[in-house]
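Trainee: Start counting the sequence shown at 82; every next residue gets the next number (this note's numbering). We put the CB at the ideal spot given by N, CA and C, even for glycine. Predicted model only: the values in this text are computed from it and were never measured.
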Amino acid sequence: MGFRRKDLSIAGYIADINVLDAATLAPVKSEHVHFDGSKETLTFDGKHVEVRSQDPGGQVQTKTFETLTPAFDFTGGMWPTFFAAQRLQLGYSGVMPEFFDAEKGYETLPFRVVGRESVKAGSRGFIKAWIVECPDPQGGVQRFWISEAPPYLIRFTIPPVPGNPFEQTFEMLE
Numbered sequence: 082m083g084f085r086r087k088d089l090s091i092a093g094y095i096a097d098i099n100v101l102d103a104a105t106l107a108p109v110k111s112e113h114v115h116f117d118g119s120k121e122t123l124t125f126d127g128k129h130v131e132v133r134s135q136d137p138g139g140q141v142q143t144k145t146f147e148t149l150t151p152a153f154d155f156t157g158g159m160w161p162t163f164f165a166a167q168r169l170q171l172g173y174s175g176v177m178p179e180f181f182d183a184e185k186g187y188e189t190l191p192f193r194v195v196g197r198e199s200v201k202a203g204s205r206g207f208i209k210a211w212i213v214e215c216p217d218p219q220g221g222v223q224r225f226w227i228s229e230a231p232p233y234l235i236r237f238t239i240p241p242v243p244g245n246p247f248e249q250t251f252e253m254l255e
């Protein structure tokens, strides 16, 4: 996905790669590459989780922990997949499992469908999408525009958070 500045110029791109077991959809590995060059790789083996974080300078930290039950990874880039698997309608709400960090392990994150609107989807033109809101773990509310057909995630915004005083907007560019 593309990352835009407030003036709508492209600042960079992010990539989320998720490998799932074909039979159970349990996570095997997920990698998150951020526009600043940092990376986070999570490797799952049942209840065992390894988190490898690399900062923009190349410094690597690795942490491991055990979960009470086999883990499912709905970290950041997987949120839209979770939302797309729901029967979205106005007022629908729920919680999803979310990985925050190796110190906290898994927690739940509430979400709510607050509307529906047409949103620009790159070269595909305008697509009707559900607007899903959930709290950002660092403060504020994230918004996702989810279509009923692939590619599902059309746009999302992250509120200003500590360390980044600007709202971030990610949207389809192709």
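(1) Can you name, in chain order, every residue of its own chain whose Cβ lies under 7 Å from the Cβ of P151, other than the five neighbours on each side?
(2) Can you tell me which residues form a DSSP beta bridge with I163?
(3) What residues in its chain sit with their C-beta under 6 Å from that of K110, if we drop five residues either side in the sequence?
(4) S228 by DSSP, collapsed to three states: which one?
(5) If you follow the beta strand (DSSP E) that T150 is in, where does it begin and where does it stop?
(6) According to DSSP, what are the bridge partners of L123?
(7) Rounding to the nearest angstrom, what Cα-Cα distance links W222 and E198 in this structure?
(8) Identify whether G203 lies in helix, strand or coil by the three-state DSSP scheme.
(9) Of all the options T122, T145, I235, which has the alpha carbon lying nearest to the alpha carbon of G206?
(10) From V195 to R133, what does the alpha carbon distance come to, in whole angstroms?
(11) Tell me whether T145 sits in a helix, a strand or coil according to DSSP, three-state version.
(12) Using the C-alpha atoms, what's the distance from M253 back to A74?
(13) Would you report the Cα separation of I208 and R193, rounded to the nearest angstrom?
(14) Contact defined as beta carbons within less than 8 Å: I believe I227 pairs with L169. What is the distance between those atoms, to the nearest angstrom?
(15) Expressed to the nearest angstrom, what Euclidean distance is found between the alpha-carbon atoms of T122 and A96?
(16) Check the Cβ-Cβ distances between F237 and every residue of chain C, and say whether any is below 8 Å.
(17) Quick check on DSSP: helix, strand or coil for E198?
(18) Where does D102 fall in DSSP's three states?
Mentor: Checking against the coordinates, here is how it stands:
(1) As a working mapping, residue 151 is identified with position 70 in the sequence shown. Hits under 7 Å: A107, G127, K128.
(2) Along the sequence shown, one-based indexing puts residue 163 at 82. Just to set this straight, residue 163 is Phe in the shown sequence, not Ile. Beta-bridge pairing links F163 to no other residue.
(3) Translated into positions along the sequence shown, residue 110 becomes position 29. Only V100, T124 meet the Cβ criterion.
(4) Against the sequence shown, residue 228 aligns to sequence position 147. S228: coil per DSSP, three-state reduction.
(5) Residue mapping note: residue 150 aligns to position 69 of the sequence shown, counting from 1. That residue, T150, is in no beta strand (DSSP E); it is neither H nor E in DSSP.
(6) Here residue 123 corresponds to residue number 42 of the sequence shown, with the count starting at 1. L123 is bridged to S111, V132.
(7) For the purposes of this step, residue 222 is taken as the residue at position 141 of the sequence shown. For the purposes of this step, residue 198 is taken as the residue at position 117 of the sequence shown. A small correction: the amino acid at residue 222 is Val; Trp does not occupy that position in the sequence shown. Going by the C-alpha atoms only, they are around 18 Å apart.
(8) Against the sequence shown, residue 203 aligns to sequence position 122. G203 falls in the helix class under three-state DSSP.
(9) Walking along the sequence shown from the start, residue 206 turns up at place 125. Just measuring C-alpha positions, the residue of T122, T145, I235 sitting nearest G206 is I235.
(10) One-based indexing of the sequence shown puts residue 195 at position 114. One-based indexing of the sequence shown puts residue 133 at position 52. Taking the straight line joining both Cα atoms gives about 35 Å.
(11) Counting from one through the sequence shown, the residue named residue 145 turns up at place 64. T145 falls in the strand class under three-state DSSP.
(12) With the chain covering 82 to 255 only, the question about residue 74 has no answer from this structure.
(13) Residue numbering aside, residue 208 sits at position 127 when the sequence shown is read from its first letter. Residue numbering aside, residue 193 sits at position 112 when the sequence shown is read from its first letter. Distance between the alpha carbons of I208 and R193 is about 20 Å.
(14) As a working mapping, residue 227 is identified with position 146 in the sequence shown. As a working mapping, residue 169 is identified with position 88 in the sequence shown. The C-beta distance from I227 to L169 rounds to 6 Å, short enough to fall under 8 Å.
(15) The residue you call residue 122 lines up with position 41 of the sequence shown. The residue you call residue 96 lines up with position 15 of the sequence shown. Each residue's alpha carbon lies about 12 Å from the other.
(16) Of the protein chains in the structure, only one exists, and it is not chain C.
(17) Taking the sequence shown and counting its residues from 1, the one referred to as residue 198 is at position 117. E198: strand per DSSP, three-state reduction.
(18) Here the question's residue 102 lines up with position 21 in the sequence shown. The answer is coil: DSSP assigns D102 none of H, G, I, E or B.
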